[in-house]
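All residue numbers for the sequence shown refer to my numbering, where the first residue is 4 and numbers rise by one.
The beta-carbon is built from N, C-alpha and C at its ideal position, and this holds for glycine as well.
The structure appears below as C-alpha cells.
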Amino acid sequence: MISRRSLLFAGATALGGAALSGRAWADAPAAVRGVLVQEAGAAARVTVALERQVQARTFFLESPHRFVIDLANTRLALPQGASGEGPGAGFIRRYRYAPQADGAARLVLDLEAPAELLRQEVGGRRSPDLSFDLAPTVPFAPAQPREGARTGRRTIVVDAGHGGRDPGAVGVTGVREKDVVLDAALHLRQALESRGRYRVALTRDADRYVPLEDRVRFARAQHADLFISIHADANANTAAQGASVYTLSERGQARAQNMAQNWDIDFGDAPRAGGVQDILLDLYQRETTNRSAQFAQVVIPRLGQVAPLLRNTHRNAGLYVLLAPDVPAVLIETGFLSNATDERRLADPRARQAMAEAMAQAVDAYFAAPQLMAARA
Ligand SMILES: [Zn+2]
Numbered sequence: 004m005i006s007r008r009s010l011l012f013a014g015a016t017a018l019g020g021a022a023l024s025g026r027a028w029a030d031a032p033a034a035v036r037g038v039l040v041q042e043a044g045a046a047a048r049v050t051v052a053l054e055r056q057v058q059a060r061t062f063f064l065e066s067p068h069r070f071v072i073d074l075a076n077t078r079l080a081l082p083q084g085a086s087g088e089g090p091g092a093g094f095i096r097r098y099r100y101a102p103q104a105d106g107a108a109r110l111v112l113d114l115e116a117p118a119e120l121l122r123q124e125v126g127g128r129r130s131p132d133l134s135f136d137l138a139p140t141v142p143f144a145p146a147q148p149r150e151g152a153r154t155g156r157r158t159i160v161v162d163a164g165h166g167g168r169d170p171g172a173v174g175v176t177g178v179r180e181k182d183v184v185l186d187a188a189l190h191l192r193q194a195l196e197s198r199g200r201y202r203v204a205l206t207r208d209a210d211r212y213v214p215l216e217d218r219v220r221f222a223r224a225q226h227a228d229l230f231i232s233i234h235a236d237a238n239a240n241t242a243a244q245g246a247s248v249y250t251l252s253e254r255g256q257a258r259a260q261n262m263a264q265n266w267d268i269d270f271g272d273a274p275r276a277g278g279v280q281d282i283l284l285d286l287y288q289r290e291t292t293n294r295s296a297q298f299a300q301v302v303i304p305r306l307g308q309v310a311p312l313l314r315n316t317h318r319n320a321g322l323y324v325l326l327a328p329d330v331p332a333v334l335i336e337t338g339f340l341s342n343a344t345d346e347r348r349l350a351d352p353r354a355r356q357a358m359a360e361a362m363a364q365a366v367d368a369y370f371a372a373p374q375l376m377a378a379r380a
C-alpha cells in the first residue's frame, strides 16, 4: 500500500524550448519525473522515472553505507516546498539529492546496512525509467517494522468471481462459474494458510453477491500485497479451452487514473499543484502493473502443469477488479465452461485443488525471489 512507500518528487515541469536555443535537443538536460523507494521482500526497490533515457552510473560507499546513482546531464527541478531529502523504505533510511558541477544529478540513498545490487533495469524500449533492487548483505532488523514485516506475513486477498444472484458463466451441463470459483478460492486459502507465511482474506466465502467496487475497496482496506481474482470463462466458440491470466491493460491504467479521486491515496508532503500528484499516481500504478505482470509470469507455467492453457495466456484488460493503483492484481480464468472438456475438469474438485496449489506455489515464488523477477515488458 501507498503508506509504506516513500517518494521523492523532483519536478514535473518540462524544460522550456526557449532555454534550449542554440543547443541540440539531445544536449538538453533530462528531467527526473520522480523517484519511488519501496520495500520488495527483503530487498528495497528504487525507481527513478525519467522523461527520457539517460546515462547512469551507480556505486556503493562505506562508513556510512550509501548507494549513489549519478544521472548524466539530468536536472532535478524541484517544485516549491520540496526539500533535498526524505524518508526511505525497508533498509533504506532516507534519500538525498543534489545537482553536480558537471551537470549530473546525484541521488544518494543512506543505507542501514551494507548492501548488494540484486537487479537493475536501465531503461527499456517502452520506458526510460531506471530501477534498482538492493538487499542488505547482513541480517537487518528494521527499528520500527510495519505489521507485515513484524509477523513476516504477506496479505493475499482471494476474490471468487460472481456469487449470489450473479451466477457468472454456466456450462453445457449446468456447472455454474460462481460455485466452482468459490471452491477454488477456498482451496487457495487453505493452501496458502497451511504454509503459515500468509494472511488470507476472501472477498466472499459463501454464495453471496459482492459488487465489483466492494471487492477492490476490500483489497485496498486489507493492505493486500497481492489480489487474485478467480473466474471461469465462456465463449460462443465451444472449442476454446484452457486457462488464462489477465493483468491491467494500458487503457485500464488510464481509466484508473481518471478515477484517481476515488482512490484516496495519501501523497504525504507532495504538492497538489502542477500535476505532481498525478505523476506520483502514475508511478505507483506503473510499479503495481509491473508487479502484476511478474506474478502472471510465475503463475502461468505452474497452471500449465495442471491445466491446459489458452493461447496467448497472459492477456491485458481494463477489468474493474484490476484497477486499484497500489495493489498488484491478476484475474485468472481457470478454463471455459462452454467447452465440454474444460467443464468436466472444472467440475472436478481434485482439479480445482490442483489449480489452487499451483497458484499457491506461484505466490511462494513471487514473494521468495524478487531478484529473479523479469524486467518489465
Ligand atoms: Zn467471471
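Cβ-based neighbour list, residue i, same chain, cut-off 6 Å, excluding 5 preceding and 5 following
i: residue 202; result: 156, 158
i: residue 230; result: 160, 222, 330, 332
i: residue 236; result: 336, 339
i: residue 368; result: 301
i: residue 294; result: 331
Close Cβ partners of residue i (< 8 Å) along its chain, the five nearest in sequence each way excluded
i: residue 225; result: 158, 160, 204
i: residue 118; result: 63, 68, 70, 94, 137, 138, 139, 140
i: residue 210; result: 166, 167, 181, 182, 185
i: residue 178; result: 340, 346, 349, 350
i: residue 65; result: 117
i: residue 252; result: 319, 320, 321
i: residue 244; result: 311, 313, 338, 339, 342, 344, 345
Ligand 1 heavy atom lying under 7 Å from the CB of residue i
i: residue 172; result: yes
i: residue 91; result: no
i: residue 164; result: yes
i: residue 180; result: yes
i: residue 234; result: yes
Reduced DSSP secondary structure (H/G/I, E/B, other) of residue i
i: residue 223; result: helix
i: residue 245; result: coil
i: residue 295; result: helix
i: residue 82; result: For residue 82, the predicted model reports a pLDDT of 46, less than 50, meaning its position is unreliable; a value from the coordinates is still stated below. Three-state result, residue 82: coil.
i: residue 76; result: coil
i: residue 315; result: strand
i: residue 61; result: strand
i: residue 255; result: helix
i: residue 357; result: helix
i: residue 216; result: helix
i: residue 320; result: strand
i: residue 363; result: helix
i: residue 307; result: helix
i: residue 330; result: coil
Straight-line gap, residue i to residue j (C-alpha atoms, nearest Å)
i: residue 265; j: residue 52; result: 24 Å
i: residue 262; j: residue 256; result: 10 Å
i: residue 2; j: residue 76; result: Absent from the model: residue 2. The displayed extent of the chain is 4 to 380, so no value can be given.
i: residue 91; j: residue 132; result: 19 Å
i: residue 79; j: residue 34; result: 6 Å
i: residue 170; j: residue 317; result: 25 Å
i: residue 242; j: residue 342; result: 6 Å
i: residue 326; j: residue 104; result: 43 Å
i: residue 97; j: residue 54; result: 24 Å
i: residue 289; j: residue 73; result: 23 Å
i: residue 260; j: residue 40; result: 21 Å
i: residue 124; j: residue 297; result: 14 Å
i: residue 149; j: residue 174; result: Residue placement at residue 149 cannot be trusted, given a pLDDT of 47 that sits under 50; what the coordinates show is reported in the next sentence. Taking the straight line joining both Cα atoms gives about 45 Å.
i: residue 258; j: residue 42; result: 26 Å
i: residue 109; j: residue 284; result: 24 Å
i: residue 27; j: residue 57; result: Below a pLDDT of 50, predicted positions are generally treated as unreliable, and residue 27, at 41, falls in that range; the measurement from the model is reported next regardless. So the alpha carbons of these two residues sit roughly 15 Å apart.
i: residue 200; j: residue 313; result: 31 Å
i: residue 206; j: residue 112; result: 39 Å
i: residue 130; j: residue 172; result: 38 Å
i: residue 324; j: residue 122; result: 30 Å
i: residue 193; j: residue 232; result: 16 Å
i: residue 362; j: residue 60; result: 38 Å
i: residue 239; j: residue 44; result: 43 Å
i: residue 315; j: residue 247; result: 8 Å
i: residue 216; j: residue 32; result: 43 Å
i: residue 120; j: residue 344; result: 47 Å
i: residue 100; j: residue 220; result: 36 Å
i: residue 250; j: residue 234; result: 13 Å
i: residue 214; j: residue 106; result: 53 Å
Beta-carbon proximity list for residue i, same chain, < 7 Å, skipping 5 on both sides
i: residue 358; result: 187, 306, 309, 310, 337
i: residue 176; result: 346
i: residue 212; result: 166, 167, 168, 169
i: residue 190; result: 355, 356, 359
i: residue 102; result: 79, 108
Cβ separation of residue i and residue j, assumed to be a contact under 8 Å, to the nearest whole Å
i: residue 365; j: residue 302; result: 4 Å
i: residue 333; j: residue 371; result: Their Cβ separation, rounded to whole angstroms, is 17 Å, which puts residue 333 and residue 371 out of contact at 8 Å.
i: residue 49; j: residue 135; result: 5 Å
i: residue 267; j: residue 218; result: Between residue 218 and residue 267 the Cβ distance is about 16 Å, and since that is not below 8 Å, they are no contact.
i: residue 287; j: residue 328; result: 5 Å
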